[in-house]
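All residue numbers in the sequence shown are consecutive under this note's numbering, ending with 242. In this text, a Cβ means the ideal position worked out from N, Cα and C, and glycines have one as well.
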Amino acid sequence: LIRLQFRSSYIMVIDTGSSMATREELEKLRAHDLEIHYIYGHGYWHSSAPVAAAMDLAFSLCRTGVLVAMHADVFLLKRDAIGWLVDQCNPANPVIGWEQSPRSDSEEWRGCVSHTFTAFHMSTMRRIGATWNFARYYEDREVPTMPTIGMPDTEQPINDCLRKANITPQLLGTEPNYERHITEWFDHPRSLLTLKMYHGNKETRNRVEEYVALAETEAHARIQTWSS
């Protein structure tokens with residue numbers, strides 16, 4: 015779906031701990047326009063630290079003017095989706111995407127941009143020293159680092175950087191949890207990984223697995239249509 019966009023992209027896949035069998039499958043994707051990186055830490059203090067590390071690596075390796083972050087379970091619905099998002103991202107509007115999904119134990123998610131389908135103007139990010147690093151987040155807030163699951167989530171460190179630089183992300187909408195979130199631009203069956211990792215409600219997990227299966231089936235049909 016990314017390769018069939020009207021706007022060509024250089025793709026980075028960052029794996030945060032898959033099995034060797036999955037790695038072998040991923041390696042089949044490697045090509046002139048796609049590189050693959052692996053992060054295999056096992057001493058993390060925070061449940062979202064692997065994803066934060068992946069985002070910091072993406073920021074470090076990005077060679078294009080705009081970086082578009084996407085969840086692996088986001089399926090694009092239009093061939094101009096990436097171009098539409100990138101064209102709105104510039105020095106005056108350096109971060110654009112959807113709001114972080116709601117959390118029951120905190121209000122910190124409000125006003126925070128997610129990394130579901132989000133564009134970052136990279137020279138601006140470098141200028142303000144934007145990072146996703148949890149150690150910096152805790153140090154800046156002068157609170158001790160401690161083993162944590164949940165909030166603060168992956169997005170809190172980068173959103174702290176944006177606030178300090180007086181940058182307000184352009185939020186294009188909200189995101190639900192455990193639902194199939196369909197916008198004009200993408201189909202996102204949300205939260206299956208979370209449900210797998212934390213043994214979530216079986217009924218909810220089964221429902222989300224059905225959403226993922228449907229989204230994949232429809233994505234393959236779009237690929238056939240776009241390819242022809």
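Residue pairing for valine 27: DSSP places it in a beta bridge opposite Ile50. Rounded to the nearest angstrom, the Cβ distance from glutamate 169 to histidine 202 is 15 angstroms, too far for a contact under 8 angstroms. Assignment of glutamine 19 by DSSP, reduced to helix, strand and coil, places it in the coil class. Taking the Cα of cysteine 76 as reference, the smallest distance to any Cα among Asn180, Leu18, Ile16 and Ser23 is reached at Ser23. Excluding sequence positions up to five before and after proline 108, its CB lies within less than 8 angstroms of the CB of Phe134, His135, Thr138, Met139 and Ile181, all in the same chain and listed in chain order. Just so you know, the alpha carbons of leucine 43 and valine 222 end up roughly 26 angstroms apart. Isoleucine 163 counts as exposed, since fewer than 16 other beta carbons sit within 10 angstroms of its beta carbon. Non-local C-beta neighbours of valine 88 in its own chain, meaning closer than 8 angstroms and more than five positions away in sequence, comprise Thr130, Phe131, Phe200, Asp201 and His202, ordered along the chain. Methionine 69 is a Cβ neighbour of tryptophan 146, given a cutoff of 7 angstroms. In the DSSP assignment, leucine 81 falls outside any alpha helix (DSSP H) and within the unbroken beta strand (DSSP E) covering 80–84.
Serine 242 and alanine 95 have their C-alpha atoms spaced approximately 19 angstroms apart.
Within the same chain, Cβ atoms closer than 8 angstroms to the Cβ of glutamate 198 are found at Leu91 and Lys92, the five residues on either side in sequence being excluded. Between isoleucine 28 and alanine 72 a beta carbon distance of about 6 angstroms is seen, short of the 8 angstroms cut, so the two are scored as contacting.
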